Amino acid sequence: MALAEAVRSGHVRAAGIDVFAKEPCTDSPLFELPQIVVTPHLGASTAEAQDRAGTDVAESVKLALAGKFVPDAVNVGAGRSARRWRRGWIWCANSVCLLVLFATSFRCRCRCRHAVS
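Per the working numbering, residue 18 is the first one in the sequence shown, and the count goes up by one each step.
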């Protein structure tokens, strides 16, 4: 796995992983590295969370049927609304990077890599 190798080689100092491609993940080289925090993806594992997920889906359908931007849609287009929505995430990632940079004596370069879903 590329992330495990990057941590071992020192190119990445630490990482936090919340979601794996296949859930639940029971075997990964990431589990062996103390610099990596791995949490199970429990998104909607309670009755309350299931109810909320249903409400969120209903709201998304309502927005889509009205022809409005659906922020949690898979494969969000590159329209103006989508760019505005992504700007918030880019600002958040940049802020976290600055916090780490100023709070530690380590040289830091943050990169935001994710799939919008």
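The beta carbon of each residue, even a glycine, is placed where N, CA and C say it ideally should be.
Since we're looking at a predicted model, the values are computed, not measured.
Among the options, the one whose alpha carbon lies nearest that of residue i
| i | options | result |
| --- | --- | --- |
| ALA38 | CYS109, SER26, MET18 and SER77 | MET18 |
| PRO51 | HIS28, ASN111 and VAL24 | VAL24 |
| THR56 | ILE34, GLU49, PRO46 and THR72 | ILE34 |
Residue i - DSSP class collapsed to helix/strand/coil
| i | result |
| --- | --- |
| VAL54 | strand |
| GLY71 | helix |
| ALA66 | helix |
| VAL76 | Going by the sequence as given, residue 76 is Glu instead of Val. Three-state DSSP puts GLU76 in a helix. |
| GLU49 | helix |
| CYS114 | helix |
| VAL24 | helix |
Whole-angstrom distance between residue j and residue i, CA atom to CA atom
| i | j | result |
| --- | --- | --- |
| THR63 | GLU76 | 20 Å |
| ARG30 | ASN111 | 17 Å |
| ALA74 | SER26 | Looking at the sequence itself, residue 74 is Val, so the reference to Ala does not match. Distance between the alpha carbons of VAL74 and SER26: 42 Å. |
| THR72 | GLU22 | 40 Å |
| LEU82 | PRO88 | 14 Å |
| LEU80 | GLU49 | 43 Å |
| LEU20 | LEU47 | 8 Å |
| HIS28 | CYS114 | 16 Å |
| LEU116 | CYS109 | 11 Å |
| ALA120 | VAL36 | 27 Å |
| VAL78 | ILE107 | 26 Å |
Paired residues, beta bridge with residue i - DSSP
| i | result |
| --- | --- |
| ILE34 | VAL55 |
Heavy atom of the ligand ZN within 7 Å of residue i beta-carbon
| i | result |
| --- | --- |
| ALA64 | Within the structure as shown, the ligand ZN is missing, as the structure has no ligands at all. |
Checklist entry - Should the segment 28 to 46 be called in touch with the segment 63 to 78, which here means at least 3 C-beta pairs below 8 Å? => result no
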